[in-house]
Amino acid sequence: EANPEMTMLVYRGMSYPAREVQGKDGNYLVSVERLEQELLDGIRSLDPAAFDLDEEIAYYCSDEEIRLLTDDELEEMIYG
Numbered sequence: 006e007a008n009p010e011m012t013m014l015v016y017r018g019m020s021y022p023a024r025e026v027q028g029k030d031g032n033y034l035v036s037v038e039r040l041e042q043e044l045l046d047g048i049r050s051l052d053p054a055a056f057d058l059d060e061e062i063a064y065y066c067s068d069e070e071i072r073l074l075t076d077d078e079l080e081e082m083i084y085g
């Protein structure tokens with residue numbers, strides 16, 4: 006059922022799926038946990054791009070969840 010519109014975020018030359026989730030308080034950017042790991046590594050090495058990208062992302066989930074969950078389900082996880 007769910008075929009959400011995906012965008013790609015690029016960090017350190019790698020692409021990661023992301024999508025915008027419409028929530029009751031506005032839109033949120035959700036991406037995948039493997040990007041979070043890379044960004045945490047970047048933050049530890051004081052990479053400004055990692056800080057900026059991490060600030061934009063409201064929630065990290067699995068590759069399967071980002072493809073299959075509805076906006077409502079993801080919003081529940083964000084507020085969970």
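Number 37 in my numbering belongs to position 32 of the sequence shown; there are no gaps in the numbering.
Using N, Cα and C, we set each Cβ at its ideal position, and we do this for glycine too.
Predicted, not measured: the structure shown is a model, and the values here were computed from it.
Query, Result
"What are the partner residues of residue 12, as DSSP defines its beta bridges?", "23"
"Return the first residue and the last residue of the beta strand (DSSP E) that residue 34 is part of.", "31–37"
"How would you label residue 40, buried or exposed, when you count the other beta carbons within 10 angstroms and need 16 or more for buried?", "buried"
"At which residues does the alpha helix (DSSP H) containing residue 73 begin and terminate?", "68–73"
"Reducing DSSP to helix, strand and coil, say where residue 47 ends up.", "helix"
"Looking at residue 37: is its Cβ nearer than 8 Å to the Cβ of residue 76?", "no"
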